[in-house]
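This report concerns only the one structure given below.
Protein chains: 2
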Amino acid sequence: MTSSSDLEQIETRTLSLVRDFSFLHADDAVANSCRPIADAVARQAVTSSEGGKRLRALLTLDAFRAFAPREVLERDMDAVLDLACAIEVFQTGALVHDDIIDDSDLRRGKPSAHRALSMDTHSDAIGNGLGIMLGDMLATASVDIADKAASRLGSGTAVVSAFLNMHREVEIGQVLDLAVELNSLDNPAELAAASLNVFRWKTASYTTIAPLEFGMLAAGDDAGTARDCALAIGLPLGLAFQLADDLLDVIGSSRNTGKPIGGDIREGKRTVLLADAIDAADEKERRELISMWESSSRNEEQVARAIELFESTGAIERSKERITELWSESRKAIESLNLPRQRKDMLVEACARFVPIVRG
Amino acid sequence: MTSSSDLEQIETRTLSLVRDFSFLHADDAVANSCRPIADAVARQAVTSSEGGKRLRALLTLDAFRAFAPREVLERDMDAVLDLACAIEVFQTGALVHDDIIDDSDLRRGKPSAHRALSMDTHSDAIGNGLGIMLGDMLATASVDIADKAASRLGSGTAVVSAFLNMHREVEIGQVLDLAVELNSLDNPAELAAASLNVFRWKTASYTTIAPLEFGMLAAGDDAGTARDCALAIGLPLGLAFQLADDLLDVIGSSRNTGKPIGGDIREGKRTVLLADAIDAADEKERRELISMWESSSRNEEQVARAIELFESTGAIERSKERITELWSESRKAIESLNLPRQRKDMLVEACARFVPIVRG
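What follows is the structure in structure tokens.
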């Protein structure tokens, strides 16, 4: 594994690709009086792109390494690096829109893009508008980067189509995520199913399925095989990743994630944890949880009480079990691949990054 | 010219392509409780796509007819129809975002997408979020349609890249359009230049330049030739189109456009007309115009007064001159093409649709 040097390369390449796309080009004739705002948006594109964990790009590189014949590996590694970065650029764009939708002030410890642009222009309306456009630009950039990378690959014809399918899936996922907020809290089994379903679209789609699929396509696998295999490994892995993420929000992590505990509860997010807690709670606790989530906000005491109930009802334990089962499903899919032992082990190691919670 | 039958085919095909992309597919596993919202978004995708003038798709078809060798014309017409519709789908997505940015209630006489979705969900926050996602989905759909069309073309390798460049240009244009709102009214020459520059990016890019470019690429021209030629004809034409559109907003049209006169003035848009009026006005009128535009809204009496000043200062006449000059530039570029007389005439006819104001 060379993930620390991978990480550096991904970071450098991603920022350079975003810069190339977002800043005005030499032959872009733009009126001088409008240039400062165009520059501010381009700068924000770079700022918003900095400092991700790059898990998706890392998985793309490792999937390519696991599946590619040696001669393809050497020939196409640089194009695959671009393709890996394209997912990161796509994610940044999706997060810019997500922060507008959720009206979030912060992202990765800095002002969210639309907030920063509102401050730059002294106008929330213009800042939000520029934020919507920045998200659009990054989405376009991501496809452009993938398209150019695909044209450099020996076998890249299906890559753009798969990349656009990833866009579509995440967009459906965002729609479903908003739909879940309209779900009733009276049917926790349905809520848990709906939340897991949102994870498939909103998270697994681009976090684990697409990186595996792109790595395999670049390695020369045909579209059908790449898709089936990416789903078999990536779907359970992506669900486990999101469950682990939601769990860390409640129980905290040994690594300091920089996020205060209970953020999802404070925001009233309808998570699988909440559904499991409502499902296992007695009548009194059930009503307590539902009334907390139906009110417009939750204070610190209520956040602490909700965490207590997540623990006492066994919802936290249930999430850990779910994660363990999903991770085992994912490993079984890897085990069944027709690959040398060493390559399988490398792939397991690469996938394990998404479920730190079962490793510790 | 077969533009009425073209129009029918474009309308039918566009709606069918949007339906195919936006509605959940047979193998899309979506939780039942979330399905109604996903369906509402997909229905809105179709509603928002209905009833455009389809000028851009018509120009794409006609440009292909003007430039393509006979055998290419017969072989690739159906794929070019898809490509033409892809621009319409792109436009619909851009308008959905535009209406959120401008907080517009109406589009083509119906509730704008985010408003309709707010009514569906009884929540402005969720409706706006779904609107942002719908715009994203249509943008993705447009590239997907173009990518699939390109793969059916005999010479389509540069199409996706040109299509993404169109996305980028319009996104820059939207950024510049917001930037113009921060321009000072004290320098009308600069404002006129900045407004015309916005037209190049926000309008000409996808209204006239891209359709000509796509038609030529599909016809087999190389990327450089297609780009240069599309700019020579399409840039002045696109500027003339937007100037004519702004002019019709003030002087009305013989055809009933269904829009009340003076909408741009009511909204306080910083147009070339306004810049020309401020530039030619005497000191008293100048201050009158600036103070009208600097206030947060304009009443009906002020709208009438602004139109009066646009007329008396000669700004309306100046816009007509600008349109005539630009249209003449565009025709000269067509005239200089190495094409049979009949094909040149057809192209002039096709381009003339964008400047109805100089034909009447």
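Just so you know, the protein sequences line up as chains A and B, in that order. The first sequence begins at 1 in the UniProt record's numbering and counts up by one. The second sequence begins at 1 in the UniProt record's numbering and counts up by one. Beta carbons are placed, not taken as given, at the ideal position from N, Cα and C, and that holds for glycine.
Compare the C-beta of residue i with all C-beta atoms of chain B and state if any pair is closer than 9 Å.
| i | result |
| --- | --- |
| residue 335 of chain A | no |
| residue 167 of chain A | yes |
| residue 360 of chain A | Because residue 360 of chain A carries a pLDDT of 43, less than 50, the predicted location of this residue cannot be relied on, and the following value inherits that uncertainty. Output row for residue 360 of chain A: interface = no. |
| residue 267 of chain A | no |
| residue 201 of chain A | yes |
| residue 118 of chain A | no |
| residue 124 of chain A | no |
| residue 193 of chain A | yes |
| residue 226 of chain A | no |
| residue 346 of chain A | no |
| residue 21 of chain A | yes |
| residue 299 of chain A | no |
Flag this pair as yes or no: are the beta carbons of residue i and residue j separated by less than 9 Å?
| i | j | result |
| --- | --- | --- |
| residue 191 of chain A | residue 185 of chain A | yes |
| residue 37 of chain A | residue 178 of chain B | yes |
| residue 146 of chain A | residue 92 of chain A | no |
| residue 21 of chain A | residue 203 of chain A | no |
| residue 194 of chain B | residue 180 of chain B | yes |
| residue 350 of chain A | residue 314 of chain A | no |
| residue 249 of chain A | residue 261 of chain A | yes |
| residue 29 of chain A | residue 200 of chain B | yes |
| residue 288 of chain B | residue 309 of chain B | yes |
| residue 35 of chain A | residue 24 of chain A | yes |
| residue 89 of chain B | residue 49 of chain B | yes |
| residue 319 of chain A | residue 243 of chain A | yes |
With a threshold of 9 Å between beta carbons, is residue i in contact with chain A?
| i | result |
| --- | --- |
| residue 1 of chain B | With a pLDDT of only 47 at residue 1 of chain B, under the threshold of 50, the placement of this residue in the model should not be trusted; the figure read from the coordinates follows. Cβ-Cβ to chain A under 9 Å: no for residue 1 of chain B. |
| residue 198 of chain B | yes |
| residue 37 of chain B | yes |
| residue 14 of chain B | no |
| residue 139 of chain B | yes |
| residue 61 of chain B | no |
| residue 114 of chain B | no |
| residue 24 of chain B | yes |
| residue 338 of chain B | no |
Chain E partners of residue i, CB-CB under 9 Å?
| i | result |
| --- | --- |
| residue 88 of chain B | No chain E is part of this structure, whose protein chains are labelled A and B. |
Determine the chain A residues that contact residue i at a beta-carbon separation under 7 Å, and present them in chain order.
| i | result |
| --- | --- |
| residue 160 of chain B | 147 and 160 |
| residue 101 of chain B | 129 and 132 |
| residue 190 of chain B | 33 |
| residue 144 of chain B | 164 |
| residue 385 of chain B | Outside the modelled stretch of chain B, which goes from 1 to 360, sits residue 385 of chain B, for which no answer is possible. |
| residue 121 of chain B | 182 |
| residue 136 of chain B | 97, 139 and 171 |
Using only CA atoms, which one of the options lies nearest to residue i?
| i | options | result |
| --- | --- | --- |
| residue 247 of chain B | B:357, B:334 and B:180 | B:357 |
| residue 157 of chain B | B:52, B:183, B:222 and B:64 | B:222 |
| residue 338 of chain A | A:173, A:303 and A:68 | A:68 |
| residue 238 of chain B | B:124, B:330, B:336 and B:299 | B:330 |
| residue 167 of chain B | B:182, B:149 and B:143 | B:143 |
| residue 273 of chain B | B:227, B:323, B:297 and B:298 | B:323 |
| residue 271 of chain B | B:281, B:235, B:131 and B:198 | B:198 |
| residue 240 of chain B | B:5, B:196 and B:334 | B:196 |
| residue 65 of chain B | B:50, B:228, B:17 and B:81 | B:81 |
| residue 102 of chain B | A:127, A:295 and A:227 | A:127 |
| residue 233 of chain A | A:212, A:219 and A:54 | A:212 |
| residue 52 of chain B | B:340, B:25, B:79 and B:85 | B:85 |
| residue 231 of chain A | A:220, A:164, A:303 and A:216 | A:216 |
| residue 335 of chain A | A:207, A:129, A:39 and A:229 | A:229 |
| residue 79 of chain A | A:318, A:131 and A:9 | A:9 |
| residue 296 of chain A | A:278, A:307 and A:266 | A:266 |
| residue 39 of chain A | A:76, A:130, A:3 and A:125 | A:130 |
| residue 149 of chain A | A:83, A:108 and A:112 | A:83 |
| residue 77 of chain B | B:155, B:286 and B:263 | B:155 |
| residue 31 of chain A | B:301, B:189, B:307 and B:316 | B:189 |
Interface residues of chain A around residue i at Cβ under 8 Å?
| i | result |
| --- | --- |
| residue 183 of chain B | 33 and 34 |
| residue 41 of chain B | 175 |
| residue 230 of chain B | Chain A residues near residue 230 of chain B: none, gap ~14 Å exceeds 8 Å. |
For residue i, return the contacting residues in chain B, with the cut-off set at a CB-CB distance below 7 Å.
| i | result |
| --- | --- |
| residue 274 of chain A | Chain B residues near residue 274 of chain A: none, gap ~15 Å exceeds 7 Å. |
| residue 30 of chain A | 176 and 197 |
Can residue i be considered in contact with the ligand FAD, in the sense that its beta carbon sits closer than 8 Å to one or more heavy atoms?
| i | result |
| --- | --- |
| residue 52 of chain A | Although the ligand FAD was asked about, the structure shown includes no ligands whatsoever. |
At a cut of 8 Å, does the stretch 125 to 139 of chain B reach the stretch 90 to 108 of chain A through at least three beta carbon pairs?
yes
Tell me, please, whether the stretch 50 to 69 of chain B touches the stretch 159 to 174 of chain B by the rule of three or more beta-carbon pairs shorter than 8 Å.
no
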